[in-house]
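S.K.: The sequence shown begins at 87 in the working numbering and counts up by one. One structure, pasted below without further comment.
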Amino acid sequence: MPAKKRSRRTRLIVITVVLLLVAGVGGGTFWTVSTVRASFPQTTGSQQIKGLSGTVNVKRDGNGIPQIYAGTAEDLFLAQGYVHAQDRFWEMDVRRHMTAGRLSEMFGDKQVETDAFLRTLGWRRVAQEEYDKKLSASTKKYLDAYATGVNAYLKERSGSGLSVEYAALGLVNADYKPEPWTPVDSVAWLKAMAWDLRGNLRDEIDRALMAGRLSVRQIEELYPGYPFDRNEPIVDGAGDGNTGSGDGGGDTGNVGGVGAPDQGTPDPGTTAPGAAGPGTSDPATPD
87 MPAKKRSRRT RLIVITVVLL LVAGVGGGTF WTVSTVRASF PQTTGSQQIK GLSGTVNVKR
147 DGNGIPQIYA GTAEDLFLAQ GYVHAQDRFW EMDVRRHMTA GRLSEMFGDK QVETDAFLRT
207 LGWRRVAQEE YDKKLSASTK KYLDAYATGV NAYLKERSGS GLSVEYAALG LVNADYKPEP
267 WTPVDSVAWL KAMAWDLRGN LRDEIDRALM AGRLSVRQIE ELYPGYPFDR NEPIVDGAGD
327 GNTGSGDGGG DTGNVGGVGA PDQGTPDPGT TAPGAAGPGT SDPATPD
């Protein structure tokens, strides 16, 4: 083959390889970006949610913290469940599997021993008993409303549309699908939070054992209190904390409602300013 033809063929091969690499990188980048963004919540406009009795406003302050305004407590908790699911359903799903000792259902056999330990603690069992026998009717109503809000969001999305982590989980557990949220899921996590508060358990035991041999002053020298005079709280207690005034200074989105088309803007007095989750809303148009 003449040198000129070989040179032309080589250039053609190089150009083809470069184009394929560019296409591959571009396609991979597009897939990655689209997968990550698939679970981003709606933060503007309106959204209709079955179960709301009236309009609910969800506004985001300058720090991105959503504030929920509703006319009734039930609507408030329903919207909060929806907003929480928008922002952090993967975390919620993992944590409810943890409280129930069911992590192996998501992550495989290596979690069986962890599940056995968690089931021994019995968080889910105690939560179920409390829900069935101890909680008041009004508390159950609010927990039910919250679960309704979470499940309203789950009906809209699946897989990576819920959270990018589900795309990664699908590589090792392709058959996994999140179950609907239940009121007991919420109660069970309160048990896990109570367990987390045991962080100073060993110190408390040591202090109790020392009480019979040392004076209070000696024990305080060994276990000094937190130096509030040196490390003052950074949050000013004035106003409503770091959530802003609720005037909608940030971006706004919409959690919609059903029924009561003439209710107008809800009473701002019913609000959950610290509701975590990026789903935010302007006034919804009830069905």
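Note that the Cβ used here is the ideal one computed from N, Cα and C, for glycine as well.
Confirm, please, whether the CB-CB distance from S132 to D161 is below 8 angstroms.
M.R.: No, the Cβ-Cβ distance between D161 and S132 is not below 8 angstroms.
S.K.: Tell me the rounded alpha-carbon separation between R316 and L283.
M.R.: Rounded to whole angstroms, R316 to L283 spans 24 angstroms at the Cα level.
S.K.: Find the nearest neighbour of R288 within the set D271, Y309, S272, Q304, judged by alpha-carbon distance.
M.R.: Considering only alpha carbons, the answer is Y309.
S.K.: Identify the continuous alpha helix (DSSP H) that holds I305 and give its terminal residues.
M.R.: Its alpha helix (DSSP H) spans residues 302-308.
S.K.: Give a yes or no on contact between the stretch 161-171 and the stretch 187-199, applying the rule of three or more CB pairs nearer than 8 angstroms.
M.R.: Flag = no, the stretch 161-171 and the stretch 187-199 do not touch.
S.K.: Less than 8 angstroms between the CB atoms is what I'm expecting for K277 and V212, so what's the real figure, rounded?
M.R.: Right, the Cβ-Cβ distance comes to about 6 angstroms (below 8 angstroms), so this counts as a contact.
S.K.: Count the other CB atoms within 10 Å of the CB of M178; is the residue buried (16 or more) or exposed (fewer)?
M.R.: Answer is buried; the Cβ neighbour count reaches 16.
S.K.: Using the DSSP secondary-structure output, state which residues sit across from N143 in a beta bridge.
M.R.: DSSP, once it has assigned bridges, lists Y155 as partnering N143.
S.K.: Could you pull out every residue in the same chain whose Cβ sits closer than 6 angstroms to the Cβ of G245, ignoring the five residues on either side in sequence?
M.R.: Result list for G245: Y252, in chain order.
S.K.: On the DSSP letters alone, give me the boundaries of the alpha helix (DSSP H) that N237 sits inside.
M.R.: Its alpha helix (DSSP H) spans residues 223-242.
S.K.: Would you give the residue range spanned by the alpha helix (DSSP H) that V270 belongs to?
M.R.: Its alpha helix (DSSP H) spans residues 269-282.
S.K.: Specify, as a first and last residue, the run of the alpha helix (DSSP H) that K219 falls within.
M.R.: K219 -> alpha helix (DSSP H) spans 209-219.
S.K.: So for Q172, helix, strand or coil by DSSP?
M.R.: Residue state, collapsed to three classes: helix.
S.K.: Return the first residue and the last residue of the alpha helix (DSSP H) that V250 is part of.
M.R.: Its alpha helix (DSSP H) spans residues 250-255.
S.K.: Which residue from V180, T129, H170 puts its Cα closest to that of E265?
M.R.: It is V180 whose Cα lies nearest to the Cα of E265.
S.K.: Within a Cβ cutoff of 6 angstroms, which residues of the same chain sit near A171, ignoring the five residues on either side of it in sequence?
M.R.: V236, Y239, listed in sequence order.
S.K.: Roughly how many angstroms separate the alpha carbons of I305 and P313, rounded to a whole number?
M.R.: Cα to Cα, the separation comes out at about 16 angstroms.
S.K.: Out of curiosity, what's the CA-to-CA distance linking T200 and L255?
M.R.: Each residue's Cα considered, the two are about 19 angstroms apart.
S.K.: Once DSSP output is grouped into helix, strand and coil, what is the label at R288?
M.R.: Note: R288 maps to helix in three-state DSSP.
S.K.: Please go through the same chain and pick out, in chain order, the residues whose beta-carbon is closer than 7 angstroms to the beta-carbon of H183, but skip the five residues on each side of it.
M.R.: Result list for H183: L189, E191, M192, in chain order.
S.K.: According to DSSP, is L295 helix, strand or coil?
M.R.: Correct three-state label for L295: helix.
S.K.: Where does G131 fall in DSSP's three states?
M.R.: Three-state result, G131: coil.
S.K.: Within 10 Å of its beta-carbon, does G335 have 16 or more other beta-carbons around it, so buried, or fewer, so exposed?
M.R.: Bear in mind that the predicted position of G335 carries a pLDDT of just 38, short of 50, making it unreliable; the figure below should be weighed with that in mind. Exposed.
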